[in-house]
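K.L.:
The structure's right below; bear with me while I get my questions together.
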Amino acid sequence: MKNLLITLLISFSTLVSAQETLHVPSQLQKLTDSALTNFPRMHSLSELVRLSNLKTDMSAAGYMPIVNVDGSYLYLNPTSKVSIPLGVGITKSLQMNPADNYSAMLNVVQPLLDFKTPANVARAKSDVAISEATRESYRSQLAYQVAQLYYGVIFLNRNIAVQQLQLSLVKSNLNIIEAKLRNGDALTYDLVTTQVRYTNIENSITELQTQLYKQYALLHMLTGGTGVEQISDTTFSDAMYDVARDSVLGLAFRQNHELIISQKKISYSEYDITAIKQIFLPTVNLIGGLGYKNAFAPNIFDVKFNYDYGISLNIPILPGSRPHIQLEMAQTGLESAKDELAYQKAALTKDVVNAGLEIRKNEIKYRSMDTLLHQAKLAVELGTERYKEGVITSVELLTAETNYQDALLSKLQTEYNLLLSKLELNRLAGRRWWTH
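Numbering-wise, my numbering puts 155 at position 128 of the sequence shown, and it's gapless, one number per residue.
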């Protein structure tokens, strides 16, 4: 089983390559650009990236000094007094502090040795990387959704065209049968059978047209109503998804957006653990202040200019943030992120193999369609000759003609399925074909 998977992956390695110049249909490029520019979800994800950058700036603020102005008034009662003897029976009362105390100070704290801020900044930058990867992942999803809708419109238009040709054919046969029935050369059964087939085709066309309107409505929503016009392309132009120079799975492991997000979540958890561990480390700050206040001896009532400076050391013993619990939570988050990455890799491997199998199946079916069409066309030619000779009925001839139209639809459906399979494999590989 393992050898089979390896063989399949190698056989699919010619489907995706490193980025090359791609000939993207102009209408598809226009629709994709409009969606990536105007879809509201893209704006909200950009705002989340901006918010993450602001959090980084906030973390980096730990490098900056803390400056504040402190003003106060304090009334004391009673005040301390000392009696000083000046002679026999003579004393003087000396007040040690005023009852009215005034203070206005400018205080500055400047970190000199801080292990927490660099770790917090690194963690915040890792969060920015996750936000950017999430935005890029959604950008890819949106672009491939627009591509699916674009090719879906082409498929429906071509399907409707074949169905309309078939409807015209049945209508022509219906007129012939009605004429023959009036002359007694046909059966009522032939007429009713043909009428049922005509109605079924009409209903099928109505269903396809409804699907087409829904495709355009969804395109209108994704693009914000801009860039949506009648899609004139009639071919699937899937060659742009065929160029290859690299292993699909190897490319997917490097570029798949879900995998990238999982890897960045692991990095974030590692930075989170580092940041929490820094809480236990001491910090050294330069402190200083200057301003005006009273209570300086000997003239304790006078307000005087004063200043102070020094160094403070803070050693956490049992912080209120409970870093021990935080650390255990962060380590659990890291293990969970690693498990998620392992799951993503397994799921991606499975999806790549399945997409490759779908491509191979549709390629085989598509190659057999020419034979099917040739046989169906030959059956129509033979049926026409036999009908002229009166050997078969008009219903039997109509069946042969309908089978030919059905073969055309089957080839179209297979070609469309092949394109969707290639789109899916390109999406899994994280391949970017748009320029916006």
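In this text, a Cβ means the ideal position worked out from N, Cα and C, and glycines have one as well.
Considering just the uninterrupted stretch of the beta strand (DSSP E) at LEU317, what are its terminal residues?
P.N.:
Residue range 310-320 is occupied by the beta strand (DSSP E) that includes LEU317.
K.L.:
Here's the rule I'm using: 16 or more other beta-carbon atoms within 10 Å means buried, otherwise exposed. How should LEU55 be labelled?
P.N.:
buried
K.L.:
Please classify ILE93 as buried or exposed, where buried requires at least 16 other C-beta atoms within 10 Å of its C-beta.
P.N.:
exposed
K.L.:
At the level of alpha carbons, what is the spacing between LYS377 and ALA279?
P.N.:
12 Å
K.L.:
Is the number of C-beta pairs between the segment 134-154 and the segment 81-98 that are closer than 8 Å three or more?
P.N.:
yes
K.L.:
Considering only the beta carbon of each residue, do LYS320 and SER73 sit closer than 7 Å?
P.N.:
no
K.L.:
In the DSSP output, what is GLY98 paired with across the bridge?
P.N.:
ALA131
K.L.:
The beta strand (DSSP E) spanning ASN124 covers which residue range?
P.N.:
Note, ASN124: premise wrong, no beta strand (DSSP E); not H, not E.
K.L.:
Could you say which of LEU176, VAL275, ASN210, ASP217 lies nearest to LEU249 if we only look at CA atoms?
P.N.:
LEU176
K.L.:
Just how far apart, CA to CA, sit ALA406 and ASP433?
P.N.:
13 Å
K.L.:
Are the Cβ atoms of VAL115 and ILE314 separated by less than 7 Å?
P.N.:
no
K.L.:
Note down the Cα distance separating SER421 from GLN402, rounded to an integer number of angstroms.
P.N.:
19 Å
K.L.:
Rank LYS291, GLU412, SER264 by C-alpha distance to the C-alpha of VAL155 and give the top, closest one.
P.N.:
Taking VAL155 as reference, the option from LYS291, GLU412, SER264 with the minimal CA-CA separation is LYS291.
K.L.:
Pick out the complete alpha helix (DSSP H) segments inside the segment 399-431, 4 residues or longer, and give them in chain order.
P.N.:
none
K.L.:
Quick one: what does DSSP say SER79 is sitting in, helix, strand or coil?
P.N.:
Reduced to three states, the DSSP call for SER79 is helix.
K.L.:
Does the ligand PLP have a heavy atom nearer than 6 Å to the CB of LEU375?
P.N.:
Looking for the ligand PLP in the displayed structure turns up nothing, as the structure carries no ligands at all.
K.L.:
Is the segment 176-195 in contact with the segment 234-247, if contact means three or more CB pairs nearer than 8 Å?
P.N.:
The segment 176-195 vs the segment 234-247: in contact.
K.L.:
If you reduce the DSSP assignment to three classes, tell me which class PHE280 lands in.
P.N.:
helix
K.L.:
Could I get the ranges of all uninterrupted beta strand (DSSP E) runs contained in the segment 347-404, with 3 residues as the minimum, in chain order?
P.N.:
none
K.L.:
May I ask which residues mark the beginning and end of the beta strand (DSSP E) holding VAL109?
P.N.:
108-114
K.L.:
Which residues in the same chain have their Cβ closer than 7 Å to the Cβ of THR411, if we skip the five residues on either side of it in sequence?
P.N.:
Sequence-distant Cβ neighbours of THR411 in its own chain, meaning closer than 7 Å and more than five residues away, are LEU424.
K.L.:
Could you check the C-alpha separation between THR220 and LEU439 for me, to the nearest Å?
P.N.:
26 Å
K.L.:
What residue range does the beta strand (DSSP E) around LEU340 cover?
P.N.:
331-341
K.L.:
Hey, ILE228 and LEU201: beta-carbon distance below 7 Å or not?
P.N.:
no
K.L.:
Compare the C-alpha of ASN80 against each of ILE293, GLN222, HIS247, LYS152 and name the closest.
P.N.:
Cα-wise, what sits closest to ASN80 is LYS152.
K.L.:
For LEU121 and TYR100, I'd like the C-alpha separation in whole angstroms.
P.N.:
22 Å
K.L.:
Can you tell which of VAL76, GLN353, ASN389, ASP335 has the C-alpha that lies nearest to the C-alpha of ALA160?
P.N.:
VAL76
K.L.:
Between the beta-carbon of LEU218 and the beta-carbon of LEU208, is there less than 7 Å?
P.N.:
yes
K.L.:
Please state the DSSP three-state secondary structure of VAL197.
P.N.:
helix
K.L.:
Indicate the three-state DSSP secondary structure (helix, strand or coil) for ILE327 in the structure shown.
P.N.:
coil
K.L.:
Count the other C-beta atoms from every protein chain shown that fall within 10 angstroms of the C-beta of ILE303, then say buried if there are 16 or more, exposed otherwise.
P.N.:
buried
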